[in-house]
Amino acid sequence: MPTNALGREIPDAVAGRPLRPYPGAFATVPTGRRAGGPLKTIRPGANKVAPSLDEAIRRSGLRDGMTISFHHCFRDGDRLVLQVVEACARLGIGDLRLFPTALFPCHEPLVRHIGDGVVTRIEGSLNGPIGAFISRGGKLREPPILRSHGGRWRAVACGEVEIDVAFIAASEADPYGNANGIHGPHACGPISFSVVDSWCADHVVVVTDNLAPYPAVPPTIEQGYVDQVAVVDQVGDPAGIVTGTLRVTRSPTALRIAKLAVDAVAAAGLIREGMSFQAGAGGTSLAAQEILARKMARAGVHAAFAIGGTTKYLVAMLKEGLVRTILDGQAFDGEAVQSLRTNPRHQRITPGFYADYNSLGCATYMLDFAFLGGTEVDLDFNVNVNTHSDGQLLHGIGGHQDVAAGARVTVITMPTLRGRVPVIRDQVTTVTTPGEVIDLVVTERGIAVNPRRPDLAEDLRRAGLPVRTLEEMKAAAERLVGKGKSPIWGDEIVGVIQWRDGTVIDVVRKVEGWA
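Given below as structure tokens:
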């Protein structure tokens with residue numbers, strides 16, 4: 020079987036779809052032209068408002084075997100995916116390919132619709148029950164394909180994925196199709212993930228529970244790309260955008276990791292006037308952000324910009340003047356939504372602006388540093404985000420690949436043990452982000468520096484920070500709990516992990532046992 024640049028075995032094709040092995044983080048040279056939706060026109064006085072969601076689906080021409088898309092800005096409070104799939108089931112439409120930006124625990128009822136054949140394919144990040152179902156052998160016609168935020172945008176914009184009907188949840192929309200996610204009783208944030216869907220889909224349905232007078236502004240989704248507007252009782256619950264991972268840790272171990280991470284970027288000379296960063300939204304990353312804010316205030320320096328997903332902690336830095344501009348693709352709490360609505364220095368961006376590989380500029384390429392997490396790291400600095408050491412497919416990629424590829428210094432924060440499971444491995448269970456773009460791994464036992472970055476190793480040692488090798492930290496963890504078990508893989512592929520350029524960095528196989 021062919022191998023990619025990381026030595027991972029990648030089949031020539033899966034379910035008849037050819038796969039291109041990952042050649043290196045920046046080795047792919049794009050070819051071809053951008054895709055787009057069909058040309059259409061409309062007459063004055065035309066009515067786009069459908070009498071119901073069911074009728075909007077009928078009018079869209081949705082049929083068996085087609086592809087439907089969604090964004091995930093309501094996160095675990097999303098209501099639209101299930102409303103649409105259940106309507107399709109009532110209408111006798113099946114064999115659908117689901118193309119969400121991500122699925123969450125609230126989407127667990129999709130398992131029944133997979134069993135009934137309403138949904139037979141999924142391309143999108145899997146968080147929780149759907150990933151677990153597939154890992155256990157739940158059958159789709161094709162293995163799911165997981166992409167980063169920038170990778171999904173690229174896939175639509177270049178025509179790799181053709182969307183038949185895009186369903187776009189909006190907390191506010193007008194009868195002509197202008198829509199946003201920052202106004203209305205159920206505001207959720209930018210909804211920028213669906214901008215490219217609106218440009219390229221054959222048919223676009225904006226779905227809202229708050230039909231406002233024309234014009235609904237700002238028009239994140241623009242009228243000229245929208246075929247229909249459907250009104251439902253509730254499009255989503257914004258309380259669901261806050262999940263358990265989006266709170267500052269109080270664990271002494273995690274707080275030590277956060278402090279070491281900030282000390283590391285300070286030693287590298289990156290806490291300076293005009294700096295830029297992305298801090299992530301996990302508990303350790305949020306703690307690092309708090310420590311960073313205090314260090315910036317003491318030094319009297321300001322960040323030119325920071326990139327969200329945004330939480331109240333980053334909003335506070337904007338209000339205090341520590342950050343001059345937030346570039347935001349996703350809101351993680353109500354304070355972030357309110358800031359987007361009221362502060363002109365808090366700007367909505369699309370995943371294309373953020374991280375489209377097939378473009379001449381990514382915001383992530385302008386980052387000085389970023390704090391990211393992971394479920395595992397290996398001795399080559401490859402990071403796993405998608406599976407745990409048991410091989411269960413439980414998490415999406417998000418912006419992990421995009422940020423790591425772009426930031427001048429990418430810092431991975433993780434403990435050496437989770438429970439009694441060591442997370443520094445000889446080889447990660449699944450490669451999500453290659454070691455080529457990882458600079459530092461920070462644990463409670465010290466800081467490992469990628470051998471590609473001797474400059475950083477010198478900076479950290481000069482600052483008196485505890486520089487260790489991954490081998491040393493792995494050995495220390497294994498002295499406490501022993502060597503971790505590894506899955507024995509079967510031949511069946513249950514997931515495909517794309518790199519941000521569309522090549523395949525790894526595949527996830529069904530677990531048959533343990534060694």
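The working numbering runs 19 ahead of the 1-based position in the sequence shown.
Cβ atoms here follow ideal geometry from the backbone N, Cα and C, with glycine treated the same way.
A quick note: this is a predicted structure, and the numbers were derived from the prediction, not measured.
*asked:* Is it the case that the region 502-512 contacts the region 301-315, given that we only count it when at least three CB pairs across the two stretches are under 8 Å?
replied: no
_Cross-strand partners of Ala192 (DSSP beta bridge)_ = Walking along the sequence shown from the start, residue 192 turns up at place 173. Ala192 is bridged to Ala198 and Leu230.
*Ile149: first and last residue of the uninterrupted beta strand (DSSP E) it sits in*: As a working mapping, residue 149 is identified with position 130 in the sequence shown. Here Ile149 belongs to no beta strand (DSSP E); instead the alpha helix (DSSP H) covers Pro148 to Ser154.
*Three-state secondary structure (DSSP) at Ala550?*
In this structure the chain extends from 20 to 534, so residue 550 is not present and cannot be described.
*Val527 and Leu412: beta carbons closer than 8 Å?*
Taking the first residue of the sequence shown as 1, we reach residue 527 at position 508. Taking the first residue of the sequence shown as 1, we reach residue 412 at position 393. Going by C-beta atoms, Val527 is nearer than 8 Å to Leu412.
_Spatial neighbours of Gly150 in its chain, beta-carbon cut-off 6 Å, leaving aside the 5 residues before and after_ = On the sequence shown, position 131 is the one that residue 150 refers to. Only Leu412 and Leu413 meet the Cβ criterion.
*Which term fits Glu511, buried or exposed, when burial requires 16 or more other beta carbons within 10 angstroms of its beta carbon?*
On the sequence shown, residue 511 is found 492 positions in, with the first residue counted as 1. The residue in question, Glu511, is exposed, as its Cβ has fewer than 16 Cβ neighbours within 10 Å.
*Do you know whose CA, among Leu72, Arg519 and Ile133, lies nearest Gly157's CA?*
Reading the sequence shown from its first residue, position 138 is the one you call residue 157. Of Leu72, Arg519 and Ile133, the residue nearest in Cα terms is Ile133.
*Supposed contact pair Lys314 and Val281 - C-beta distance, whole angstroms, cut 8 Å*: As a first step, residue 281 is located in the sequence shown; it is residue number 262 there, counting from the start. As a first step, residue 314 is located in the sequence shown; it is residue number 295 there, counting from the start. The Cβ separation is near 6 Å, so the contact holds.
*asked:* Just to confirm before moving on: does the CB-CB distance between Arg173 and Tyr376 stay below 8 Å?
replied: In the sequence shown, counting from the first residue as 1, residue 173 sits at position 154. In the sequence shown, counting from the first residue as 1, residue 376 sits at position 357. Their beta carbons are under 8 Å apart, which means Arg173 touches Tyr376 by this criterion.
_Beta bridge counterpart(s) of Phe89 as assigned by DSSP_ = If you number the sequence shown from 1, residue 89 lands on position 70. DSSP, once it has assigned bridges, lists Pro119 as partnering Phe89.
*What is the DSSP secondary structure of Leu311, counted as helix, strand or coil?*
For the purposes of this step, residue 311 is taken as residue 292 along the sequence shown, with counting starting at 1. The answer is helix: DSSP assigns Leu311 an H, G or I state.
*Contact check, Asp387 vs Ser295 under 8 Å by CB: the rounded distance?*
To locate residue 387, count along the sequence shown from 1; it is residue 368. To locate residue 295, count along the sequence shown from 1; it is residue 276. Indeed, because the Cβ distance is near 5 Å, the residues count as touching under 8 Å.
*Who are Thr448's beta bridge partners in DSSP?*
One-based indexing of the sequence shown puts residue 448 at position 429. Paired residue(s): none; Thr448 is not in a bridge.
_Considering just the uninterrupted stretch of the alpha helix (DSSP H) at Thr170, what are its terminal residues?_
Within the sequence shown, residue 170 is the residue found at index 151, counting from 1. Rather than Thr, the amino acid found at residue 170 in this sequence is Gly. Residues His168 to Ala176.
*Residues of its chain near Trp518, where Cβ-Cβ distance is below 6 Å and the 5 sequence neighbours each way are ignored*: Here residue 518 refers to the residue found at position 499 of the sequence shown. Cβ within range, chain order: Tyr41 and Ile524.
*Contact belief for Pro257 with Ala206 at Cβ below 8 Å, rounded distance in angstroms*: Taking the first residue of the sequence shown as 1, we reach residue 257 at position 238. Taking the first residue of the sequence shown as 1, we reach residue 206 at position 187. Sure, about 6 Å apart at Cβ, within 8 Å.
_Straight-line gap, Gly64 to Glu339 (C-alpha atoms, nearest Å)_ = Numbered from its first residue, the sequence shown carries residue 64 at position 45. Numbered from its first residue, the sequence shown carries residue 339 at position 320. When rounded, the distance between both Cα atoms is 48 Å.
*What residues match up with Gln517 in a beta bridge as DSSP calls it?*
Locating residue 517 in the sequence shown gives position 498, counting from the first residue. DSSP lists Val523 as partners of Gln517.
*Please name the residue or residues paired with Met294 in a DSSP beta bridge.*
Position 275 of the sequence shown holds residue 294. Paired residue(s): Ala322.
*Phe351 burial status per 10 Å Cβ neighbour count (16 or more: buried)*: For the purposes of this step, residue 351 is identified with residue 332 of the sequence shown, where counting begins at 1. Result: buried.
_Stretch-stretch touch, CB-based, cutoff 8 Å, three pairs: the region 427-441 with the region 483-491_ = no
*With Arg171 and Pro370 assumed to form a contact (beta carbons below 8 Å), what rounded beta-carbon distance in angstroms separates them?*
The residue you call residue 171 lines up with position 152 of the sequence shown. The residue you call residue 370 lines up with position 351 of the sequence shown. The pair is a contact, with the Cβ atoms about 7 Å apart (cut-off 8 Å).
_Cutoff 8 Å: Arg472 Cβ touching any chain B Cβ_ = No chain B appears in this structure, which consists of one protein chain only.
*Select from Gly35, Val461, Val468 and Thr47 the residue whose C-alpha is nearest the C-alpha of Leu274.*
Position 255 of the sequence shown, counted from the first residue, corresponds to residue 274. Checking every option, the nearest Cα to that of Leu274 belongs to Val461.
_Spatial neighbours of Ala121 within its chain, please: C-beta separation below 7 Å, excluding the five flanking residues on both sides._
As a first step, residue 121 must be located in the sequence shown, where it is residue number 102. Cβ within range, chain order: His91, Gly143, Ser144, Asn146 and Gly415.
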